Amino acid sequence: MSPRDNERLEYLGDAVLQLITAEYLYKHHPGATEGELTQTRSAMVNTNTLAELAEHLDLGSYLYLGKGIAKGGGRGLKSLLANAFEAVLGAVFLDAGYDAAYHYYLTLYRSLPSPVRDENFKGRLQQVAQERFGETPVYDSEGARVGNRREYTSVVFAGAEPLGTGHGASKQEAEQDAARAALESLVGSVTEMPAAKTAAKPRSRRAPRKKREPQEPANEPVAAEVVPLPVHAEPVREPEPRSRQFGEPIE
3 MSPRDNERLE YLGDAVLQLI TAEYLYKHHP GATEGELTQT RSAMVNTNTL
53 AELAEHLDLG SYLYLGKGIA KGGGRGLKSL LANAFEAVLG AVFLDAGYDA
103 AYHYYLTLYR SLPSPVRDEN FKGRLQQVAQ ERFGETPVYD SEGARVGNRR
153 EYTSVVFAGA EPLGTGHGAS KQEAEQDAAR AALESLVGSV TEMPAAKTAA
203 KPRSRRAPRK KREPQEPANE PVAAEVVPLP VHAEPVREPE PRSRQFGEPI
253 E
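Numbering (our numbering), first residue to last: 3 to 253.
In structure tokens form, the structure reads like this:
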């Protein structure tokens, strides 16, 4: 592997990230449906989110880029920054294990000042395609050099039917653009789809109120009983978090 190539680490980091977010959401959202979990995970791992995490770490300054793409603002390109963050997460996993990668990602994600706007059209198209066609969308993407830059074209299918075509400076951007075009043709809008509303429960008819009879005032006030709180001899110590793999305390 070339020392300037991060693609293998990106591949590993992407897989680790999917597991981290899936485990976290499964444990912390026990009442969520599969569709809700998928949509929330998409917001946590989309290009915009990972790019913002990479900017927080200033990863753009450490990328080896060609002169052309560097002059064209490549260090701020969201797709490159997102890929760089996945590579870093893969490296953390190799060096320190899953627990370290788990806490590293979630600590950074929770430090974001506000939720990142979700432009994951692919995740939303997957929901629509499964509901309408019973199929998972498949993307056919190709890259071609246009002048001094490379451009990708992607066509998304549900079964044998093409749903939309998109273009972008990277494969990920082209697939997102294709999913956006498909959503426009299927639902007529690419705005955030509202969550399904639960049916309101019918109100039960209340029985008519009974007239309250006047009560005689109590002769003597009754003093409230004061129950003393238990006092611990020693402060309660929180258990140390331990590694899932080795049962050792996490530093």
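From the three backbone atoms N, C-alpha and C, an ideal C-beta is built for every residue, glycine too. All figures in this text were calculated on a predicted structure; none of them were measured in a lab.
Per DSSP, the bridge partner or partners of residue i
i, result
"His-169", "Thr-155"
"Glu-36", "DSSP output for Glu-36 lists no bridge partner at all."
"Glu-163", "Ala-160"
"Arg-1", "The first residue shown for the chain is 3 and the last is 253, placing residue 1 beyond what the model contains."
"Ala-180", "None, per the DSSP bridge assignment."
"Arg-147", "Arg-152"
Reduced DSSP category for residue i - H, G, I as helix; E, B as strand; rest coil
i, result
"Tyr-141", "strand"
"Arg-207", "Confidence at Arg-207 is low in this model, with a pLDDT of 46, below 50, so its placement is unreliable and the value that follows should be read with caution. The answer is coil: DSSP assigns Arg-207 none of H, G, I, E or B."
Alpha carbon of residue i to alpha carbon of residue j, nearest angstrom
i, j, result
"Gly-62", "Ser-81", "11 Å"
"Tyr-26", "Pro-115", "20 Å"
"Ala-180", "Gly-75", "24 Å"
"Pro-86", "Gly-145", "Inspection of the sequence shows that residue 86 is occupied by Ala rather than by Pro. About 20 Å."
"Glu-177", "Phe-135", "19 Å"
"Val-140", "Thr-40", "17 Å"
"His-30", "Ala-162", "38 Å"
"Ala-34", "Thr-23", "14 Å"
"Val-94", "Ala-45", "22 Å"
"Tyr-28", "Gly-190", "32 Å"
"Glu-88", "Ala-53", "10 Å"
"Gly-99", "Glu-38", "29 Å"
"Arg-182", "Pro-164", "13 Å"
"Ala-160", "Thr-138", "6 Å"
"Leu-19", "Tyr-104", "8 Å"
"Tyr-106", "Glu-186", "37 Å"
"Tyr-66", "Ala-17", "24 Å"
Check whether residue i and residue j have beta carbons under 8 Å apart
i, j, result
"Gly-15", "Val-130", "no"
"Ser-143", "Lys-173", "yes"
"Ala-261", "Thr-49", "Since the displayed the chain opens at 3 and closes at 253, residue 261 lies outside it and no answer follows."
"Leu-55", "Leu-110", "yes"
"Leu-11", "Gly-78", "no"
"Gly-166", "Val-158", "yes"
"Ala-184", "Leu-127", "yes"
field: Whole beta strand (DSSP E) elements within the segment 81-124, 3-residue minimum
entry: none
- prompt: Quick one: complete alpha helix (DSSP H) runs, 4+ long, within the segment 17-79?
  reply: 36-47, 49-58, 69-73
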